[in-house]
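Residue numbers (our numbering), protein chains in the order written: chain A, 1 to 332; chain B, 333 to 692. One structure is given below, encoded as structure tokens.
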């Protein structure tokens, strides 16, 4: 009986593969649903692949590395044509990614990269990820240019920073970028910098303490918009006007940040886009057409948004767009 | 004479040393920067006047843990523990936001509105958390499953439930009455402090004015003997977990209201450990038996004071956890029985020596 059953299953699988022969199958091993950003990221990739007419085998790892290892091995045994991969941690991928290489399935790395030694040891077709240091630089550039615009370029201004989770790539990268650019503006002085763990609640509690410990705070740079949104509540509770008394710059650019900018509570947000779908599909089309890509990490095109627009936020002269004009396009 | 013995006992009690520790931490802050303890009146943009200062922050931010720790004290006094409270905080917030926003596709901008009636927004999260407490209590009190295993189920499952309720999304609201719970104030005092006061007094009255407190201690010291002597220990255990679930729900509403949103991943994260720590610092033993609700309040304040101190003096982010652990280690060592006995023996010796000299 058991044998018969497995025979039928095997037969069905053969038929199934035969039926979908010709169609390209893509395996996507995603971390899980940890945040709005991640949800938007998954939705974008799934929608774009579907629109391109390819088969997608999606695996949600629920934040566990062993689930991802299992998913990758399943992809190999299913014989998918391409693998998209975002690792929940940066270490411990050598073995399974080498198995992917041996199966000669082209690998595309998304968002979170494995550690450098792994990247050196394995083959991959393409890699896409955010540039956290540049995001940090942009936060600082925008601030410096805005301060100049409102005529405070000669004033001594006190800056506080809400850092992300200590040790996270996004936090160390953004902090590095912020400090690098602020070094050129001696009038912008960092008086406090603490972790708010990327959450609203901690951003709020830490800002509350900043406001008690420092009488004069002019600028708040938050490593993500959630912490900035939390901090806004604390600033209001201290009897100050967020966006006016304290200039607030965040990062990520979700819809909630646009709302806050339009309401005048926040001044700017630097984009860290989760919308990987379009360029992942573009890369896949190239690979399918037989074009080779190299191992360099490709950063997505990203913007920045504020209330008025027109402020330069990067060293290469990019200018911000008006949040009110763009909020309609925001999906997340 | 009797009074002297009583005060001697108090000096040997963990509660006394918890209060000493709290005062010492505040003193350190005060010496480093005298304005650490300053309180002033501030007028907000909407015209309300509020108390503004670090001591207010400590009381305010300790609310979530203090409220949960009231229930946790009884649970621990019964020889148990509840590690699902953090997840219940997330469930409470998720349900509240679900009912505020209901159909996000229709009401896709957060505004000053609630889709479902406000009383449901408040009552349903509390009801859900109470039922989850009932689930814990039934497993532990009636089916005699070990507390840490029984509450592990909801610790893991609770956040999953929270995710399902809101479809994995983070909703935001601007509904004024809901925001008032965590951010509002009455007579200058933040509302969470007032809610905490009501909860603490309520639990104290319930425990000390009825025989429930005595039953808890009796079951905690020896469940079998209590049962033989006619106490329904299973029911008493059940009530303690139901209460803890309900209180986690209140805490969850405060958390969600403060950030005007639900956060199924981070809401209440690690609260179970903070609540257990507050209870233990407050002088209730993990082995069960006698408990001190006052001690728990002091324990919770100690934890929050340390956090506030760290933020106020800008300890670098990388060192925060180690720094907190260090202070807590000192507090716990100070409270340990050998150290307490050594200190009070020394004090007794000095007193008898002085007494001898006076006589001579």
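We put the beta carbon where it would ideally sit given N, CA and C, even for glycine.
Please classify residue i as buried or exposed, where buried requires at least 16 neighbouring CB atoms within 10 angstroms.
i                      : result
residue 530 of chain B : exposed
residue 306 of chain A : buried
residue 412 of chain B : buried
residue 377 of chain B : exposed
residue 487 of chain B : buried
residue 91 of chain A  : exposed
residue 678 of chain B : exposed
residue 204 of chain A : buried
residue 163 of chain A : buried
residue 561 of chain B : exposed
residue 292 of chain B : Residue coverage of chain B in this structure runs from 333 to 692, which leaves residue 292 of chain B outside it and unanswerable.
residue 117 of chain A : exposed
residue 424 of chain B : buried
residue 499 of chain B : exposed
residue 657 of chain B : exposed
residue 398 of chain B : buried
In three-state DSSP terms, what is residue i?
i                      : result
residue 447 of chain B : coil
residue 323 of chain A : helix
residue 285 of chain A : helix
residue 266 of chain A : coil
residue 62 of chain A  : coil
residue 333 of chain A : Nothing in the structure corresponds to residue 333 of chain A, since chain A is present only between 1 and 332.
residue 245 of chain A : coil
residue 316 of chain A : coil
residue 193 of chain A : strand
residue 378 of chain B : coil
residue 56 of chain A  : strand
residue 551 of chain B : helix
residue 518 of chain B : strand
residue 592 of chain B : coil
residue 372 of chain B : strand
residue 385 of chain B : strand
residue 75 of chain A  : helix
residue 217 of chain A : coil
residue 158 of chain A : strand
residue 508 of chain B : helix
residue 533 of chain B : helix
residue 298 of chain A : strand
residue 305 of chain A : strand
residue 183 of chain A : coil
residue 599 of chain B : coil
TODO: Quick one: which unbroken alpha helix (DSSP H) runs of 4-plus residues sit fully inside the segment 20-53 of chain A? Chain order, please.
DONE: 36-51
Open item on the list: Under 8 Å, with one C-beta from each stretch per pair, do the segment 276-295 of chain A and the segment 217-227 of chain A reach the 3-pair mark?
Closed with: no
- [ ] Taking only runs that begin and end inside the segment 79-152 of chain A, name each unbroken alpha helix (DSSP H) of 4 or more residues, in chain order.
- [x] Secondary structure remark: continuous alpha helix (DSSP H) runs of at least 4 residues inside the segment 79-152 of chain A, in chain order: 94-102, 116-121, 132-149.
TODO: Would you list, in chain order, the members of the segment 369-389 of chain B that have their beta-carbon closer than 8 Å to a beta-carbon of chain A?
DONE: 374, 375, 376, 377, 382, 384, 385, 386, 389
Task: Every unbroken alpha helix (DSSP H) inside the segment 390-477 of chain B [4 residues or more] - done: 395-409, 417-433, 450-469
- [ ] Kindly confirm or deny that the segment 309-316 of chain A and the segment 285-301 of chain A touch, where touching means at least three C-beta pairs closer than 8 Å.
- [x] no
Task: Chain-ordered residues of the segment 145-173 of chain A with a beta carbon less than 7 Å from chain B - done: So the close ones are 163, 166.
Open item on the list: So, does the segment 59-74 of chain A touch the segment 26-33 of chain A, judging by three or more C-beta pairs under 8 Å?
Closed with: As far as the Cβ criterion goes, the segment 59-74 of chain A touches the segment 26-33 of chain A, which means the pair count is three or higher.
Task: Residues of the segment 309-331 of chain A whose Cβ lies closer than 8 Å to any Cβ of chain B, in chain order - done: none
Open item on the list: What are the residues in the segment 471-489 of chain B lying within 8 Å of chain A by C-beta distance?
Closed with: Among the residues of the segment 471-489 of chain B, none has a Cβ less than 8 Å away from any Cβ of chain A.
Open item on the list: By the 8 Å beta-carbon criterion, what residues does the segment 579-593 of chain B contribute toward chain A?
Closed with: 587, 590, 591, 592, 593
TODO: Could you tell me whether the segment 595-607 of chain B touches the segment 320-331 of chain A, using the rule of 3 or more Cβ pairs below 8 Å?
DONE: No, the segment 595-607 of chain B is not in contact with the segment 320-331 of chain A.
Task: Members of the segment 51-76 of chain A near chain B, C-beta cut-off 8 Å - done: If the cut-off is 8 Å between Cβ atoms, the segment 51-76 of chain A has nothing near chain B.
TODO: Check whether the segment 463-481 of chain B touches the segment 562-578 of chain B, taking contact to mean three or more Cβ pairs, one atom from each stretch, closer than 8 Å.
DONE: yes
Open item on the list: Counting beta carbon pairs with one atom in the segment 382-389 of chain B and one in the segment 539-555 of chain B, are three or more of them shorter than 8 Å?
Closed with: no
Open item on the list: Pairs of beta-carbons, one from the segment 412-421 of chain B and one from the segment 626-642 of chain B, closer than 8 Å: are there three or more?
Closed with: no
Task: Meets three-Cβ-pair contact criterion under 8 Å: the segment 652-667 of chain B and the segment 575-588 of chain B - done: no
TODO: Could you list the residues in the segment 496-511 of chain B with a C-beta less than 8 Å from some C-beta on chain A, going in chain order?
DONE: If the cut-off is 8 Å between Cβ atoms, the segment 496-511 of chain B has 500, 501, 502, 504 near chain A.
Task: Sufficient close CB pairs (3 or more, under 8 Å) joining the segment 604-616 of chain B to the segment 171-179 of chain A - done: no
Open item on the list: Please list, in chain order, the residues of the segment 181-210 of chain A that have any C-beta partner in chain B closer than 7 Å.
Closed with: 192, 194, 195, 199, 200, 201, 204, 205, 206, 208, 209
TODO: Could you list the residues in the segment 551-583 of chain B with a C-beta less than 7 Å from some C-beta on chain A, going in chain order?
DONE: none
TODO: Report the residues of the segment 657-687 of chain B with a CB closer than 9 Å to any CB of chain A, ordered along the chain.
DONE: none
Task: Residues from the segment 629-647 of chain B in contact with chain A, defined by Cβ distance under 7 Å - done: In summary, the residues of the segment 629-647 of chain B whose CB is separated from some CB of chain A by less than 7 Å are 640, 643, 644, 646, in the order they occur in the chain.
Open item on the list: So if I threshold CB-CB distances at 8 Å, which residues from the segment 247-279 of chain A count as touching chain B?
Closed with: 256, 259
Task: Interface positions of the segment 209-231 of chain A facing chain B (Cβ-Cβ less than 7 Å), listed along the chain - done: Residues 209, 212, 213, 230.
Open item on the list: Using 8 Å as the cut-off, can you tell me whether the segment 260-269 of chain A makes contact with the segment 91-104 of chain A, which would need three or more C-beta pairs spanning the two stretches below that distance?
Closed with: no
Open item on the list: Could you check whether the segment 184-202 of chain A touches the segment 128-148 of chain A, counting it as contact only if at least three pairs of C-beta atoms, one from each stretch, sit closer than 8 Å?
Closed with: Here the segment 184-202 of chain A makes contact with the segment 128-148 of chain A; the two share three or more CB pairs at distances below 8 Å.
Task: Touch test, the segment 271-278 of chain A against the segment 37-48 of chain A, Cβ-Cβ under 8 Å, three pairs minimum - done: yes
Open item on the list: Would the segment 366-374 of chain B count as touching the segment 501-509 of chain B if we require 3 or more Cβ pairs under 8 Å?
Closed with: The answer is no - the segment 501-509 of chain B does not touch the segment 366-374 of chain B, with fewer than three Cβ pairs under 8 Å.
Task: Contact list for the segment 102-115 of chain A against chain B, Cβ threshold 8 Å - done: none
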